[in-house]
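K.L.:
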Amino acid sequence: MTSTEPAPAAFPLTRGRTKGYEPRAVDAFLERAREAFERGGEPVTAADVRQVAFPLVRRGYVIASVDTALTRIEDAFAARERDLAVARPGGAREWVGDARETAQVVLDRLARPSGQRFARVGALRYGYRIDEVDLVADKLTRYLATGEPVTVDQVRNVAFRMQRGGYREAQVDAVLDAVTEVMLAVA
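For the sequence shown, my numbering assigns the number 834 to the initial residue and increments by one for each residue that follows.
#1: Quick one: is Met1016 buried, meaning 16 or more other Cβ sit within 10 Å of its Cβ, or exposed?
#2: Runs of 3 residues minimum, wholly inside the segment 900-940: which ones carry the beta strand (DSSP E) assignment?
#3: Around the C-beta of Val1019, are 16 or more other C-beta atoms found within 10 angstroms, so that it is buried, or is it exposed?
#4: Going along the chain, which residues of its own chain have a beta-carbon closer than 8 angstroms to the beta-carbon of Thr835, five neighbours each way excluded?
#5: DSSP has Met995 in a bridge; who is on the other side?
#6: Identify, in the order they occur along the chain, each residue of the same chain with its Cβ nearer than 8 angstroms to the Cβ of Val882, setting aside the five sequence neighbours on each side.
#7: Opposite Gly853 in the DSSP bridges: which residues?
#8: Provide the residue(s) that pair with Tyr976 in DSSP beta bridges, ordered along the chain.
#9: From the DSSP output, in three-state form, read off Gln950 for me.
#10: In whole angstroms, what separates the C-alpha of Ser898 from that of Thr847?
#11: Short of 7 angstroms in beta carbon distance, which residues of its chain neighbour Ala944, apart from the five on each side in sequence? Order them along the chain.
Below, the structure written as structure tokens:
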């Protein structure tokens, strides 16, 4: 390759009118994450990876490809965070205690009556479908209370349709993130 040729894209690019993640933003975040993981650069956590968002553009990176890579990166950061925490004196007990505390907070939220688990958006605005969120909430409640099988990928990939007057997306997403944190903590 000569110096005038562009470097190959890290991920496949979208075509036509399909939008994808803005390549420069993705590349910058991935470089920052690599620096943090390999050389102790600017701190990046598993939560940072899970919550990163990129602008959508034409000829962007295919979303599914980037999301798959981000999942692997999040898992690596979570495992390292767990290993570092457990290696400290008393760290294992503290790590498990923190995970239990988070799980209990989530369980308390999800144990609320159906239709009342989260705040709702106004009647003319769109939020997550209440019945779908409540169905997932019931499954997650059983996971946290009895250990009913649920995978972290199922939690990461859950999607809800929208409805007027539905649940506030930010609240539901925050609880799903907390469940993911608990699952990764005990993995």
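For each residue, glycine too, the CB sits at the ideal point set by N, CA and C.
Predicted, not measured: the structure shown is a model, and the values here were computed from it.
P.N.:
With the structure as the only source:
#1: By the 10 Å Cβ count, Met1016 comes out buried.
#2: Counting only runs of 3 or more, we get nothing.
#3: The residue in question, Val1019, is exposed, as its Cβ has fewer than 16 Cβ neighbours within 10 Å.
#4: With a pLDDT of only 46 at Thr835, under the threshold of 50, the placement of this residue in the model should not be trusted; the figure read from the coordinates follows. If we look at Thr835 and ignore the five residues flanking it on each side, it has no Cβ neighbours.
#5: DSSP, once it has assigned bridges, lists Tyr961 as partnering Met995.
#6: So the qualifying residues of the chain are Ala866, Leu903, Ile906, Glu907, Phe910.
#7: In the DSSP output, where bridge partners are listed per residue, Gly853 has Val890.
#8: Paired residue(s): none; Tyr976 is not in a bridge.
#9: Here residue 950 is Arg; the residue named in the question, Gln, does not match the sequence. Looking at Arg950 - three-state DSSP - the assignment turns out to be coil, as it is neither helix nor strand.
#10: Taken atom to atom, the span from the alpha-carbon of Ser898 to that of Thr847 is near 11 angstroms.
#11: Contacts found: Thr974.
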